[in-house]
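Q: Residue numbers for the sequence shown follow the numbering used here, so the first one is 49 and each next one is one higher. We put the beta carbon where it would ideally sit given N, CA and C, even for glycine. Since we're looking at a predicted model, the values are computed, not measured.
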Amino acid sequence: MATRRFDEPEIPKDALRDETVAVVGYGNQGRAHALNLRDSGVRVIVGARPGSASGEEARASGFEVGTAAEVTKRADLIMLTTPDVPMAEIFREGVRPNLRAGQMVLFAHGFNVHFGRIPLVEGVDFGLVSPKGPGAGLRRLYEQGSGLPGLVAVAQDATGRAWDRVLAYAWGCGCRKGLYETSFQEETESDLFGEQAVLCGGIPELVKAGFETLVAAGFSPEVAYFECLHETKLIVDLMVERGLAAMRLAISDTAEWGGFVTGPSVINEESRAAMRETLKRIQSGEFAKDWIAECENGQPNLKKYRKVEAELSVEQVGAPIRESMRG
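#1: Look at the Cβ atom of A184, then the Cβ atom of N349, and state whether they are nearer than 8 Å.
#2: Quick one: Cα of F232 to Cα of D301, how far?
#3: In the DSSP assignment, what residue or residues form a beta bridge with E229?
#4: For Q151, is the classification buried or exposed, using 16 other Cβ atoms within 10 angstroms of its Cβ as the cut-off for buried?
#5: Alpha carbons only, please: which of T130, V133, D87, C276 is nearest the one belonging to F111?
#6: For S178, count neighbouring C-beta atoms within 10 Å of its own C-beta (all shown protein chains included) and say buried if the count is 16 or more, exposed if not.
#7: Pick from A63, H278, G95: whose alpha carbon is nearest that of E371?
#8: Going by the DSSP bridge assignment, what does L125 pair with across the sheet?
#9: Answer yes or no: do A96 and G89 have a C-beta to C-beta separation smaller than 8 Å?
#10: Should L196 be labelled buried (16 or more other beta-carbon atoms within 10 Å of its own) or exposed?
#11: Would you identify the three-state DSSP class for S380, choosing helix, strand or coil?
#12: From this set, R224, V169, I166, V200, which residue's C-alpha is nearest Q192's C-alpha?
#13: Can you tell me where the beta strand (DSSP E) holding P179 begins and where it ends?
#14: Let me know the secondary structure DSSP gives I251 once reduced to three states.
#15: Return the chain-ordered list of same chain residues with a C-beta closer than 8 Å to the C-beta of V92, the five sequence neighbours on each side being excluded.
#16: Apart from the five residues just before and just after A272, which ones in its own chain have a Cβ nearer than 6 Å to its Cβ?
#17: To the nearest whole angstrom, what separates the beta carbons of A80 and L154, a pair I think is in contact under 8 Å?
#18: Run through DSSP, which three-state label would V263 get?
#19: Would you report the Cα separation of A367 and D66, rounded to the nearest angstrom?
#20: Can you confirm whether the segment 140-147 touches the segment 116-125 when touching is taken to mean that 3 or more C-beta pairs between the two stretches lie within less than 8 Å?
#21: Could you check where the alpha helix (DSSP H) with V288 kicks off and where it finishes?
#22: Report, in whole angstroms, the separation of the C-beta atoms of T51 and E229, which I expect to be a contact under 8 Å.
#23: Identify the continuous beta strand (DSSP E) that holds R91 and give its terminal residues.
#24: Need the endpoints of the alpha helix (DSSP H) that T326 sits in, please.
#25: Is it buried or exposed for N160, if we count other Cβ within 10 angstroms and need 16 for buried?
#26: Let me confirm a value: W305 is counted as buried when at least 16 other C-beta atoms fall within 10 Å, else exposed. Which label applies?
#27: Between I251 and F267, what straight-line distance do the alpha-carbon atoms span, to the nearest angstrom?
#28: Start and end of the alpha helix (DSSP H) containing H81?
#29: So for V169, helix, strand or coil by DSSP?
#30: For the alpha helix (DSSP H) that H162 lies in, which residues bound it at each end?
Structure representation (structure tokens):
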């Protein structure tokens, strides 16, 4: 069944007119939310750690800045945009003790609510506004008079106004290309799966494998880089703009035919089984448990992965190519 879509005529844009929004966290996503909301006429304050660089940046941008506890006391809506794992502690120590009936807590990602790390609070609205793109893109498109699609959900409507507030917030922060109803469970599990199986896991591994195959067969690293990494953007842009079928109409017949006959042998039943196992780990909570433990242990494995990838041949070859293209 198709999900419900909200378009501009259905959005109560003035629902936040008399309310104050606190954006807790002023990183990539939080900065875009705060700036776009303010430019949309919403009163915005920012929550940040005392003495943090992000807090100083928010002050330099003209925002009033306080701790999570201080801004929670002053705000009607509190949007949490901090990283997933520390968010639970920030909520527990700064936000939860200062909540009052009638407020709303918003999330850009449902991780902590879905996995039970942040409980619903009686008398308080809980909602989700998830722009489908990075914060830098959300801000850039807003400034251009455009926007991004967004996913929206309500987990608890204590005031009877939760949906109006969610939709108004989404519009104000720059989600102006269609809002699609979801749930905290669906957004969380699909987001994690997309990141791991396709966007941040599958595509990079496919690029690395293709590059290494060509180089091992005697092709120059530069040529391998162009064929397996550089041109990825061209195809992805075509898929996003036109869809799969029309993308194929924009490439050569040779490329189209080769893709049809070879693609299923690369992404095959074994690949799909791995994807099903990935989704199973996400839905069971196993991935979340492992990730939380990794963070609580100082992220030693994440740091190792970063170091190994930075030293790969495809990175060493690609760096000067990318630099030359910026000139």
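A: On the basis of the supplied data:
#1: Contact flag unset, no.
#2: So the alpha carbons of these two residues sit roughly 43 Å apart.
#3: According to DSSP, which records beta bridges pairwise, E229 is partnered with V200.
#4: Q151 comes out buried.
#5: Among T130, V133, D87, C276, the Cα nearest to that of F111 belongs to D87.
#6: Here S178 is buried. Its C-beta has 16 or more other C-beta atoms within 10 Å.
#7: It is H278.
#8: Looking at the DSSP assignment, L125 forms a beta bridge with V69, M152.
#9: Contact flag unset, no.
#10: The residue is buried, with at least 16 neighbouring Cβ atoms inside 10 Å.
#11: Lying before the first or after the last residue shown, residue 380 is absent from the chain, which here runs from 49 to 375.
#12: Checked all of R224, V169, I166, V200; the closest Cα to Q192 is R224.
#13: 173-179 is the extent of the beta strand (DSSP E) around P179.
#14: The answer is helix: DSSP assigns I251 an H, G or I state.
#15: T68, V69, A70, V71, A82, L85, R86, F111.
#16: Taken in chain order, the residues that qualify are F259, L262, V263.
#17: No, A80 and L154 are not in contact; Cβ-Cβ is about 14 Å, not under 8 Å.
#18: In the displayed model, V263 falls within a helix according to three-state DSSP.
#19: Their backbone Cα atoms lie some 50 Å apart in a straight line.
#20: Touching, yes, given that three or more Cβ pairs across the two stretches are closer than 8 Å.
#21: Annotation for V288: the continuous alpha helix (DSSP H) segment containing it runs 280-290.
#22: The C-beta distance from T51 to E229 rounds to 5 Å, short enough to fall under 8 Å.
#23: Taken as a continuous stretch (DSSP letters only), the beta strand (DSSP E) holding R91 covers 91-95.
#24: It spans 317-332 - the alpha helix (DSSP H) in which T326 sits, taken as one unbroken run.
#25: Buried: at least 16 other Cβ atoms inside 10 Å.
#26: Counting every other CB atom within 10 Å of its CB across the protein chains shown gives W305 a total below 16, marking it as exposed.
#27: Straight through space, the alpha carbons of F267 and I251 are spaced by roughly 21 Å.
#28: Counted as a single uninterrupted DSSP element, the alpha helix (DSSP H) harbouring H81 occupies residues 76-87.
#29: Residue state for V169 is assigned as coil, using DSSP reduced to three classes.
#30: Counting along the chain, the unbroken alpha helix (DSSP H) around H162 starts and ends at 159-162.
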